[in-house]
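**Q** Each residue of the sequence shown is one higher than the last, beginning at 932 in the working numbering. Just so it is clear, CB atoms sit at the ideal spot from N, CA and C, and this is done for glycine as well.
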Amino acid sequence: SARKRRRRSSAARRSSGTNITFSITVIVRDSQMKQISRRGVFLGLGSNLNDREAYLENAISQLDADENIQVLMRSSILQTKALGDMAQPMYLNMVVEIETSLSPKELLNVCLEIEADNGRVRTEKWGPRTLDIDILFYGDEVVDTLGLRIPHPELIQRSFVLEPLAEIAPDFKHPKSKDSVLAMLQRL
């Protein structure tokens, strides 16, 4: 059976010193509700510990299992060196495009939960990790809040993000610079 959402509205009318109160109940079936969905949402996935490919595949499965997310496209997997000075294993990186009805903050929370489910422990910047999920773009939106910046502020300097992104969305435009992903990659 379809879930129902009820909204109650009441009002009072004064007529000849008499109060009349009435109530209206509106029933909206989920099948009739229009969900606002955002396309052009790109996530960068990376892993450099243990079974790296399994972590990436598990993350994609968990994203797609969420009722508010649909994985639309995925790049091939790219193996790269880790950032920073710390000696650590090579990374596997990829990009997925999703469609979602989640807000950027809600999406961040889902990504953090998936990272934690896959054993992610945050100890140091650019340290080794079982799984890293970054929101690269959220359509053409620009978000700059404590803990969340979209577009990802470092993506224009990272070939391990731009290469797989260019594979699935070469013409996607950065909402600030208006440069295509392919043009940003060619400048590296």
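Can you list, in chain order, the residues of its chain with a C-beta nearer than 7 Å to that of residue 1094? Leave out the 5 residues immediately preceding and following it.
**A** Cβ within range, chain order: 1009 and 1116.
**Q** The beta strand (DSSP E) with residue 1103 in it runs from where to where?
**A** Counting along the chain, residue 1103 falls outside any beta strand (DSSP E), and DSSP gives it neither H nor E.
**Q** If contacts are defined as beta-carbon pairs under 8 Å, then residue 1099 and residue 1028 qualify, I think. What distance do you get, rounded to the angstrom?
**A** Contact flag correct, Cβ pair sits at about 6 Å.
**Q** Inspect the beta-carbon positions of residue 1026 and residue 1078 and report whether they are closer than 8 Å.
**A** Result no, Cβ atoms of residue 1026 and residue 1078 do not sit closer than 8 Å.
**Q** Which residues in the same chain have their Cβ closer than 6 Å to the Cβ of residue 964, if we skip the five residues on either side of it in sequence?
**A** Only weak support is given to the placement of residue 964: the predicted model assigns it a pLDDT of 34, under 50, and the value that follows is read from those uncertain coordinates. Nothing meets the Cβ criterion.
**Q** Going by CA-CA distance only, name the one from 1039, 1061 and 996 that's closest to residue 1074.
**A** Among 1039, 1061 and 996, the Cα nearest to that of residue 1074 belongs to 1039.
**Q** Please report the distance separating the alpha-carbon of residue 1036 from that of residue 1000.
**A** Those two C-alpha atoms are separated by around 14 Å.
**Q** Relative to the C-alpha of residue 988, which candidate in 1023, 970 and 1052 has its C-alpha closest?
**A** Checking every option, the nearest Cα to that of residue 988 belongs to 1023.
**Q** Look up residue 1001 in the DSSP assignment and give the residues it is bridged to.
**A** In DSSP, residue 1001 forms a bridge with 1030.
**Q** Residue 1042 to residue 1031, Cα distance in whole Å?
**A** In a straight line, the C-alpha of residue 1042 is about 13 Å away from that of residue 1031.
**Q** Could you have a look at residue 1010 and say whether DSSP puts it in helix, strand or coil?
**A** Three-state DSSP puts residue 1010 in a strand.
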